[in-house]
Amino acid sequence: MGGTLEILDKRWRAACEVLFKEEVGPLEDYAQWLSGLTRQNVSRKSSISGKEVAYAINEYAEGSRWISFDEIDYGAKYAPLSLDQIKDLDSLLDAVSERACYAGNIILGNSGQVEKSSNITDSYFMLNTSMLGDCKNLAYSSRGRLCTDCFGVYGPGESEFCIRCPQTYRDKRCFEMWVTQNCSDGYYSYNLRNCSECMFCFNVQNKRFAIGNLELGKDKYIQLKEKLIADMVGELKRKKKLPSLMDIVAKSGFEKPAISAPETRQDGGEGKKATEAAFQKTSSLLFGAKLRGIDSYSSWLTRNGESMLRAKSAASGRKILFFKSALSPVHLPILTRAVTEREALELGKTARVSLEDAEGLALANAHRVIGSLAFFNMEFEEGTNTCLTECSTTIESSLSYRSGAMVYSKYCGYIFYPRSCEHMFGGNQLFDCSFCIKCYHSVKLTRCFECDSCRTCSDSYFCHNCEGLQDSMFCFNAKNLRYAIGNAEVGREKYLEIKGKLLAGIAGRLEKGHDLNLSIYNIGAVGRKPTKAGKAR
Numbered sequence: 016m017g018g019t020l021e022i023l024d025k026r027w028r029a030a031c032e033v034l035f036k037e038e039v040g041p042l043e044d045y046a047q048w049l050s051g052l053t054r055q056n057v058s059r060k061s062s063i064s065g066k067e068v069a070y071a072i073n074e075y076a077e078g079s080r081w082i083s084f085d086e087i088d089y090g091a092k093y094a095p096l097s098l099d100q101i102k103d104l105d106s107l108l109d110a111v112s113e114r115a116c117y118a119g120n121i122i123l124g125n126s127g128q129v130e131k132s133s134n135i136t137d138s139y140f141m142l143n144t145s146m147l148g149d150c151k152n153l154a155y156s157s158r159g160r161l162c163t164d165c166f167g168v169y170g171p172g173e174s175e176f177c178i179r180c181p182q183t184y185r186d187k188r189c190f191e192m193w194v195t196q197n198c199s200d201g202y203y204s205y206n207l208r209n210c211s212e213c214m215f216c217f218n219v220q221n222k223r224f225a226i227g228n229l230e231l232g233k234d235k236y237i238q239l240k241e242k243l244i245a246d247m248v249g250e251l252k253r254k255k256k257l258p259s260l261m262d263i264v265a266k267s268g269f270e271k272p273a274i275s276a277p278e279t280r281q282d283g284g285e286g287k288k289a290t291e292a293a294f295q296k297t298s299s300l301l302f303g304a305k306l307r308g309i310d311s312y313s314s315w316l317t318r319n320g321e322s323m324l325r326a327k328s329a330a331s332g333r334k335i336l337f338f339k340s341a342l343s344p345v346h347l348p349i350l351t352r353a354v355t356e357r358e359a360l361e362l363g364k365t366a367r368v369s370l371e372d373a374e375g376l377a378l379a380n381a382h383r384v385i386g387s388l389a390f391f392n393m394e395f396e397e398g399t400n401t402c403l404t405e406c407s408t409t410i411e412s413s414l415s416y417r418s419g420a421m422v423y424s425k426y427c428g429y430i431f432y433p434r435s436c437e438h439m440f441g442g443n444q445l446f447d448c449s450f451c452i453k454c455y456h457s458v459k460l461t462r463c464f465e466c467d468s469c470r471t472c473s474d475s476y477f478c479h480n481c482e483g484l485q486d487s488m489f490c491f492n493a494k495n496l497r498y499a500i501g502n503a504e505v506g507r508e509k510y511l512e513i514k515g516k517l518l519a520g521i522a523g524r525l526e527k528g529h530d531l532n533l534s535i536y537n538i539g540a541v542g543r544k545p546t547k548a549g550k551a552r
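One gets my numbering by counting positions in the sequence shown from 1 and adding 15 to each.
Have a look at this one:
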């Protein structure tokens, strides 16, 4: 830990030199502030060793058993279950419950010097981080790839020397830049593309040397920038924190923006129709029963996933749909200042502060100056997108319903962040998957149900942290098994017999109540009783 923190402290000081022109003190002094925009890890005690284990996923049920990734023995052999005792779904759960153990401290690939972090791949010098890959020198950050020297960032992609920036792509040397792409040397701005040397700007593209959307001469901009940075440094040293962009906007006076932009998204419900047919096909493959009426299963499909939120455009009153995780944990001012993508572009072309306001801008009065600019685009669409009903943030996707952050995907419903997927329903963050229901944080799954943190599995049910499974169920922390139940291979004939009982129980409950109270996130606690100390036995 000492080596990791020592290296990261040096990189933090270097980042402050770049952004604020001087050091502001040790990294540890700013830990709480830097954690404010990110998804926090949850700490558990290993049921094996008692050591602290970090979990990037906090949906696992209390009372479950816990294990650190480095404590898993993938070569362990498990005794056969008493399968003759299994009569239905409940007896099957009783038989496998003692083998369920959720893994944390997941560090994969070529990684090193990773502390208090989980779901990290091919990364070095990481502290209090989660769901990051191909990164180096990050602390208090989550959900991103290919970044270096970033602190307190959420959803970064290919970015470097960024502090407290949510949802960046190819940004460099930025502070409190929100939802920005291909930007550099920016501060306290939202929804910028291809901009450099901008402060307190909103919904603009291709600008340089701008404050409050007002472009200035280089010398004038540098003069005002130096004054604003000195203001930030003084408050940082005194309070060990600065207000977020959302804190500032929350104090701004509200004026309805005088803009008009045509609505470009047209959908006659084709996406919903296609998704309904796909849902019936997928449920038939998985459960042997067609589940009809996808909306009647919405509560079940979105449980343990990402909820879709609704807002009205502050300009036109049009309905805007978005997912909470597409932003960051701090997003409340956005709800009253939301605009559509087209409206944001129009606003960015016309709204700007006066030269007098730009010259007088300071942290203390910024909320009064930017109130007429600070409106937030909640939608995003890139490439060709067709037959999408009530979907938000889509890239080259089609034939889907009530889904978000879709990339190269089709036939999806009630799901967040499917990439290169099809026939997917419920769940979160899935890559290269097909014909699955309620799966999470996994890659290359086919015909799976309730699988979490798995890779290259097919025809499997209720599995966690598994790789290379075929025709398996209720497996935890296992690799390369076939016809397995509770990590023990039982043979094709016995497996199909038990699978038939499982599917009959699942289909019956879903068809009757449109719900199932079991998930990969709570089966680890089924039948377990708290001890006097309040922990699972």
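Glycine included, each C-beta is placed from N, C-alpha and C at the ideal position.
Starting from K151, trace the beta strand (DSSP E) both ways and give me its first and last residue.
151-160
Do the stretch 171-186 and the stretch 194-202 meet, that is, are 3 or more Cβ pairs less than 8 Å apart?
yes
On the premise that T401 lies in contact with S413, defined as a C-beta separation below 8 Å, what is that separation, rounded to the nearest angstrom?
5 Å
Would you call K240 buried or exposed, if buried means 16 or more other Cβ atoms sit within 10 Å of its Cβ?
buried
Do R28 and E38 have their beta-carbon atoms positioned less than 8 Å apart in this structure?
yes
Go to T290, then tell me how far its alpha helix (DSSP H) extends in each direction, as first and last residue.
285-302
Three CB pairs or more closer than 8 Å across the stretch 87-101 and the stretch 489-509:
yes
Residues in the same chain with beta-carbon distance under 7 Å from R367, minus the five sequence neighbours each way, listed in chain order, please.
G227, N228, L229
Rounded to the nearest angstrom, how far is the Cβ of A353 from that of S328, given a contact under 8 Å?
6 Å
When the distance is taken between beta carbons, is L260 closer than 8 Å to Y203?
yes
Minimum C-alpha distance to R26 - residue among K36, Q100, S106, N152:
N152
Apart from the five residues on each side of it in sequence, which residues of its chain come closer than 8 Å, Cβ to Cβ, to N495?
E482, G483, L484
My understanding is that G419 touches F294, with C-beta atoms under 8 Å, so please give their C-beta distance in whole angstroms.
With a Cβ gap of about 17 Å, G419 and F294 do not count as contacting.
In terms of residues, what are the limits of the beta strand (DSSP E) holding I335?
334-338
The beta strand (DSSP E) that contains H382, what's its start and end?
Note, H382: premise wrong, no beta strand (DSSP E); alpha helix (DSSP H) at 381-384.
Runs of 3 residues minimum, wholly inside the stretch 178-262: which ones carry the beta strand (DSSP E) assignment?
181-184, 187-193, 199-205, 211-214, 223-226
Here's the rule: buried if 16 or more other CB atoms are within 10 angstroms of the residue's CB, otherwise exposed. What is D105?
Exposed, by the Cβ-count rule.
What is the rounded straight-line gap between the Cα of L300 and the Cα of I244?
When rounded, the distance between both Cα atoms is 59 Å.
Taking all protein chains shown into account, do 16 or more other C-beta atoms lie within 10 angstroms of the C-beta of K92, making it buried, or fewer, making it exposed?
Using a 10 angstroms sphere on the CB of K92, the tally of other CB atoms stays under 16, which defines it as exposed.
What residue range does the alpha helix (DSSP H) around K425 cover?
Run containing K425: none in the alpha helix (DSSP H); it sits in the beta strand (DSSP E), 425-428.
Could you check where the alpha helix (DSSP H) with G641 kicks off and where it finishes?
What is shown of the chain runs 16 to 552, which leaves residue 641 out entirely.
Supposed contact pair A377 and L350 - C-beta distance, whole angstroms, cut 8 Å:
That belief does not hold up - the Cβ atoms of L350 and A377 are roughly 27 Å apart, past 8 Å.
Using three-state DSSP, classify I535 as helix, strand or coil.
coil
So, with DSSP's three-state summary, where would you put L142?
Looking at L142 - three-state DSSP - the assignment turns out to be strand.
Per DSSP, what kind of secondary structure is T351 in: helix, strand or coil?
Reduced to three states, the DSSP call for T351 is helix.
Buried or exposed by the 16-neighbour rule on C-beta atoms within 10 Å, applied to K131:
Counting the other Cβ atoms within 10 Å of the Cβ of K131 gives 16 or more, which makes it buried.
Three-state secondary structure assigned by DSSP to V505:
V505 sits in coil when the DSSP states are folded into three classes, being neither helix nor strand.
Could you name the residues of the same chain whose beta carbon sits closer than 7 Å to that of T19, not counting the 5 residues immediately before and after it, in chain order?
Q128, E130, F140, L142
Opening and closing residue of the alpha helix (DSSP H) in which Q55 lies:
Neither: Q55 is in no alpha helix (DSSP H) and is coded neither H nor E.
Could you tell me the distance, in whole angstroms, from the CA atom of K288 to the CA atom of D310?
12 Å
When DSSP labels each residue in this structure, what does D164 get in the three-state scheme?
strand
Cβ-based neighbour list, M16, same chain, cut-off 6 Å, excluding 5 preceding and 5 following:
In this prediction, M16 has a pLDDT of 49, which is less than 50 and means its spatial position is unreliable; nothing more can be read from the coordinates.
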